[in-house]
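To keep things clear, I will list the structure first and then write my remarks on it.
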Amino acid sequence: NAGVMQNPRHLVRRRGQEARLRCSPMKGHSHVYWYRQLPEEGLKFMVYLQKENIIDESGMPKERFSAEFPKEGPSILRIQQVVRGDSAAYFCASSPTGGWYNEQFFGPGTRLTVL
Amino acid sequence: GENVEQHPSTLSVQEGDSAVIKCTYSDSASNYFPWYKQELGKRPQLIIDIRSNVGEKKDQRIAVTLNKTAKHFSLHITETQPEDSAVYFCAAVNAGGTSYGKLTFGQGTILTVHP
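Next up, the structure:
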């Protein structure tokens, strides 16, 4: 089991460009969470998805950010018109079910730098 | 929503000493409390967790205690080793009203174990 995969590991964008972050959950996991970690801070919940459904996006900024988890393929976190404040590490985590007691397995993260 | 406070922000100990990290949470309905270890540039990894119906849990050199009345929980590491050096995050999950595990993290503690 390869674990949770994220790509790219590092992404550099100029202000105004789009960033696409991908997350492939562990085999057999159909629940994905995205978290953002600003420099020297803890992780902040952004969005929780199941296949083809957004369950909770309460932590995601209303503008410029969107997430999806299609029936086939990885989950995508998309940031349009990036600004310097978007620079952070973005982690996804997966779990086999959405149960609150289930361990969430984290990916290695994508470090986004906005110039 | 839930708010988790974590102290201290940095902790320096000598090899062989014990280390204690404390967290408080705001929502009395929170019922699951995992601890994650994050080495520099790496993914967060679960090291121990505790559910609200248990007061203490131990796994070799690591233990976690929970005081539901006071709404605080602590991580205890005994006989620390240099490889314990990392950032440690506490988290809380409030499943009330939902059934999924949205993690609210503390700010993190940088633990340094000196040989």
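First to last, the sequence lines map onto chains Y and L. Just so you know, this note's numbering puts the end of the first sequence at 119, numbered straight through with nothing missing. Just so you know, this note's numbering puts the end of the second sequence at 110, numbered straight through with nothing missing. Even glycine gets a Cβ: it sits at the ideal position worked out from N, Cα and C.
Query: Chain L within 8 angstroms of residue 106 of chain Y, Cβ atoms only; Result: yes
Query: Option nearest residue 88 of chain Y by Cα separation, candidates Y/99, Y/115, Y/73, Y/78; Result: Y/115
Query: Contacting positions in the segment 37 to 54 of chain L - beta carbon closer than 8 angstroms to chain A; Result: The structure shown contains no chain A; its protein chains are Y and L.
Query: Contact with chain L by residue 112 of chain Y, beta-carbon distance below 8 angstroms; Result: yes
Query: Contact under 8 angstroms by Cβ, residue 59 of chain Y with residue 72 of chain Y; Result: no
Query: Nearest-angstrom Cα separation, counted from residue 35 of chain Y out to residue 21 of chain Y; Result: 29 angstroms
Query: Closest residue to residue 50 of chain Y among Y/65, Y/33, Y/43 (Cα-Cα distance); Result: Y/65
Query: Cα-Cα separation between residue 27 of chain L and residue 96 of chain L, rounded to whole angstroms; Result: 9 angstroms
Query: Within chain Y, partners of residue 98 of chain L - CB distance below 9 angstroms; Result: 37, 39, 47, 49, 97, 108
Query: Simplified DSSP assignment, three categories, for residue 76 of chain Y; Result: coil
Query: Endpoints, beta strand (DSSP E) assigned at residue 61 of chain L; Result: 57 to 62
Query: Buried/exposed call for residue 32 of chain L, threshold 16 Cβ in 10 Å; Result: buried
Query: Where the beta strand (DSSP E) containing residue 48 of chain Y begins and where it ends; Result: 47 to 54
Query: Contacts around residue 98 of chain L, its chain only, beta-carbon distance under 8 angstroms, and the 5 residues preceding and following it disregarded; Result: 29, 86, 87, 88
Query: Local conformation of residue 90 of chain Y per DSSP, three classes; Result: helix
Query: Exposure of residue 38 of chain L, with buried meaning 16 or more beta-carbon neighbours within 10 Å; Result: buried
Query: Cβ-based burial, residue 92 of chain Y [other Cβ within 10 Å; buried from 16]; Result: buried
Query: Buried or exposed by the 16-neighbour rule on C-beta atoms within 10 Å, applied to residue 118 of chain Y; Result: buried
Query: Contact set between the segment 76 to 88 of chain L and chain Y, restricted to residues whose Cβ is under 7 angstroms from the partner; Result: 84, 88
Query: Residue nearest to residue 48 of chain Y in terms of C-alpha spacing, selected from L/100, L/-2, L/23; Result: L/100
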